[in-house]
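Working notes, beginning with the structure itself.
Protein chains: 2
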Amino acid sequence: MPNLRFLRGYNDAVVLGLARSGAVTRVDLAERSGLTPQAVSKVVGRLIGEGLLVESGTRNVGVGKPRTLLKLVADSRLALGAQVERDELRVVLTDLAGDVLDRAVAPLPPDFDPPTFVAELTRLVNGMRDDKLLGVGLGFVGPLDHRTGVIHDATGLVKWHDVPLRELAEDSLALPVVLDKDTNTAIVAEAWRRGEQLRDAVLVLVGTGLGVGLLLDGQVYRGARTNAGEFGHTTIQLDGPPCVCGRTGCIEAVHNLAARSGDLAGATSIVGLAVADLVQLLDVDHVVLAGRAVLAEPEAYLAGVRAKLPTDDWLPVEVEVTPLGDDVVAAGAAMLVLSEFYGRPR
Amino acid sequence: MPNLRFLRGYNDAVVLGLARSGAVTRVDLAERSGLTPQAVSKVVGRLIGEGLLVESGTRNVGVGKPRTLLKLVADSRLALGAQVERDELRVVLTDLAGDVLDRAVAPLPPDFDPPTFVAELTRLVNGMRDDKLLGVGLGFVGPLDHRTGVIHDATGLVKWHDVPLRELAEDSLALPVVLDKDTNTAIVAEAWRRGEQLRDAVLVLVGTGLGVGLLLDGQVYRGARTNAGEFGHTTIQLDGPPCVCGRTGCIEAVHNLAARSGDLAGATSIVGLAVADLVQLLDVDHVVLAGRAVLAEPEAYLAGVRAKLPTDDWLPVEVEVTPLGDDVVAAGAAMLVLSEFYGRPR
DNA sequence: GAAATTAAAGCAACAGTGTTTAGTTATGGC
DNA sequence: GCCATAACTAAACACTGTTGCTTTAATTTC
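Chains as they are written, first to last, in my numbering: chain A, 47 to 392; chain B, 47 to 392.
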């Protein structure tokens, strides 16, 4: 696969990624990308030609010709992303910068089947069509196969076994479609928006279940079969309370038991302990919290997690609640589309 | 960084990696690498020129000109690797195929200091010098920094704080030196030897401590600060037995308690449970067991782990004990050197 | 057993990457 | 107003993998 086209795509993506984090100059880009100034000029020329960047004034840094500022043309490309939950479908429109421009939410009937879902998705998408649209991303509950776009056996949805959802959606929408686990699209959202700052991070999604999205060495890690991130069923209490999964003492079971009995401190403390273990295992330096439970009590979860993290000053870990709120999963699905077109090729 | 040199290095490494797994033909290489036959011819030509490959006969596959077999010249390049433990230094010589050609073991005095260690290392290395030697790899207990080559604060070694070991060793040995955590060198050994077969794997090292080496998407994952793989201090039993780390109910504490009281089944079952959780979290399809405890009772640990793994037939996980035995860490350190020269650039 | 067919591998010309070299342009300082 | 400085770029370049065609060596066919 690695050939000249790959190389160009890669460097274009590097430069575009740096430009995404704000106004930059060619000199900045050269320093931060490791490319020579001449190479940067060529890449920038290409990107300007495609309408992805524009020159926007100059910045003076002492004697000599001032540096030309470059700005991302955020609205030059758009993407749609959808989050699919048991009872609700959320569709979000984002621009190239990863900012949410529009959203639509619709209820889904109990135990909806694939045709019903595709029809509803098509309805919402048609309400947000745009010439600049690159495609549609879908953030679904797993297990599913990201590469083939097949839902394997969605947890909690009885009518979803081995459904080739990407194909079905592409046929109905006449747009490129990508499918991924909700936790993965959520971490994509954070990674796309924060760029180079975020290389090793976990996104913890606390809802009815407990999943994580993993960003490792700057890449979303999906595992051998798109099944990575099943965090909720890690044992944290030998002989603990029974879990829906059939085992006992899973993080999810212990957490939900505390949460349902109104013990918020206990619930956040369990999540904190589990996240601290995860941070220790993976040595990530960023933790992002998301999901309905977290957004209902953001301060409590933040405190619960921070309290348990190691305090070594050479291993600082930054913890935050996702700034995208309820939109993370859907917005991340849209950014997954953007990254297919303008992210680093793999 | 990505430029033409990178591209060449990458494709050379891909081809060399495929050739490492046995005799191949140019046609095989083209199919399995995705490169065009012409590109493969050029790459193979380069590698033959460097003495890394040789043609070795032909294989007939029907009509037409027979395919030319290509073989790795395993002994064209060599590397040394060392494993450093509290009481012992082990140095191993490996060839390009990752096979162990020679080894030397020497005791280390209690609480040895860096100069003592470097002197002993130099003595053993000098006994195994060779013109084809590319460098020396060191597998050490963490925490340490792989990139700078500095031992941060080796667990159990009181005289090792912020020691620039790579520099010290390079000065003394006059050879390139790389430093990494023992768990990381161990997984490098498995990855180098099994090539493309192994993309997502964990190596579990069970000794006095319990660490894991992570191979994710075909790359060794070290974390933001070379500290990934601290698996032993994951909580598995809320309010469990106290651990040396100051917390309670760590996998390591529970395991060691069982092991010391002679409860082998209990010990292996805890490791099995913990590994199953890890497999679920990371969706790896290979688990390799290693370390003194495992090698003392290989069948028991294999059974203990296999018993706890999920049985879904679409998520098969292969479990095995490392075929390299006590040499894994040292041999992996040597292969880390090989991969610096002939592995995929990052 | 000679000619035709098939498939591997190599040669030569090529398109396109980032790099090197040598300018050109725009600013601040004197 | 001139000069030094720094940003930027045009042209030539080295080297990548690709394309199109030829050579080589085997099997198949008549």
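Think of the CB as a built atom: it goes at the ideal place given N, C-alpha and C, for glycine as much as any other residue.
Beta bridge counterpart(s) of residue i as assigned by DSSP
{"i": "G257(A)", "result": "L251(A)"}
{"i": "H153(A)", "result": "Before going on, a small fix: residue 153(A) reads as Pro here, not His. E134(A)."}
{"i": "Q265(A)", "result": "L262(A)"}
{"i": "C296(B)", "result": "T281(B)"}
{"i": "H332(A)", "result": "A247(A), E364(A)"}
{"i": "D191(B)", "result": "V196(B)"}
{"i": "V100(B)", "result": "K117(B)"}
{"i": "T140(B)", "result": "A125(B), V146(B)"}
{"i": "P288(A)", "result": "T294(A)"}
{"i": "V182(B)", "result": "L126(B), V223(B)"}
{"i": "T71(A)", "result": "L115(A)"}
{"i": "R105(A)", "result": "R113(A)"}
{"i": "H207(B)", "result": "D199(B)"}
Proximal residues of chain A, C-beta to C-beta of residue i below 8 angstroms
{"i": "D323(B)", "result": "H279, T280, T281"}
Beta carbon proximity, residue i to chain A, threshold 9 angstroms
{"i": "D329(B)", "result": "yes"}
{"i": "L142(B)", "result": "no"}
{"i": "F52(B)", "result": "yes"}
{"i": "N49(B)", "result": "yes"}
{"i": "V351(B)", "result": "no"}
{"i": "V196(B)", "result": "no"}
{"i": "V258(B)", "result": "yes"}
Minimum Cβ-Cβ distance from residue i to chain B less than 9 angstroms
{"i": "H207(A)", "result": "no"}
{"i": "G185(A)", "result": "no"}
{"i": "F387(A)", "result": "no"}
{"i": "Q129(A)", "result": "no"}
{"i": "L335(A)", "result": "no"}
Beta-carbon proximity list for residue i, same chain, < 6 angstroms, skipping 5 on both sides
{"i": "G188(B)", "result": "K227"}
{"i": "R239(A)", "result": "G144"}
{"i": "N57(B)", "result": "V89"}
{"i": "V146(B)", "result": "V138, T140, D373, A377"}
{"i": "V151(B)", "result": "R136"}
Neighbourhood of residue i by C-beta distance below 7 angstroms, restricted to the same chain and skipping five residues each side
{"i": "R105(A)", "result": "T71, P112, R113, L115"}
{"i": "L167(A)", "result": "A128, L135, A215"}
{"i": "D331(A)", "result": "D246, P362, V363, E364"}
{"i": "S122(A)", "result": "G97, L98, L142, K178"}
{"i": "L244(B)", "result": "E236, A237, L261, H332"}
{"i": "V164(B)", "result": "L214, A215, S218"}
{"i": "V375(B)", "result": "Q129, G185, D228, T231, A232"}
Under 7 angstroms by beta carbon: chain B residues contacting residue i
{"i": "L262(A)", "result": "L262, Y267"}
Any non-hydrogen atom of the ligand NAP closer than 8 angstroms to residue i Cβ
{"i": "R169(B)", "result": "No copy of the ligand NAP occurs in the structure displayed, which carries no ligand at all."}
Contact set between residue i and chain A, taken where Cβ atoms lie within less than 9 angstroms
{"i": "L284(B)", "result": "I282, Q283, L284, G286, G295, V300, I316, L319"}
{"i": "L190(B)", "result": "Those do not exist, as L190(B) stays about 12 angstroms from chain A at its closest Cβ, beyond 9 angstroms."}
Contacting residues, own chain, Cβ-Cβ under 8 angstroms from residue i (five flanking each side not counted)
{"i": "V252(A)", "result": "H301, V317, L335, A336, G337, R338, A339, V340, Y347"}
{"i": "F186(B)", "result": "V130, I197, A200, L211, L225, D226, K227, D228"}
{"i": "F52(A)", "result": "P391"}
{"i": "K398(A)", "result": "Here chain A covers residues 47 to 392 and nothing more, so residue 398(A) does not appear."}
{"i": "S87(B)", "result": "R72"}
Contacts of residue i in chain B (Cβ-Cβ under 8 angstroms)
{"i": "L361(A)", "result": "R271, N273"}
Can you give me, in chain order, the residues of the stretch 292 to 305 of chain A that have a beta carbon less than 7 angstroms from any beta carbon in chain B?
none
Along the stretch 267 to 280 of chain B, what residues have a CB closer than 9 angstroms to any CB found in chain A?
Y267, R268, G269, A270, R271, T272, N273, A274, G275, E276, F277, H279, T280
Could you please tell me which residues of the stretch 74 to 91 of chain B, in chain order, have their CB closer than 7 angstroms to any CB of chain A?
Residues of the stretch 74 to 91 of chain B that bring their beta carbon within less than 7 angstroms of a beta carbon in chain A comprise G80, in sequence order.
Cβ-based contacts, 7 angstroms cut-off: residues of the stretch 238 to 251 of chain A near chain B
R245, D246
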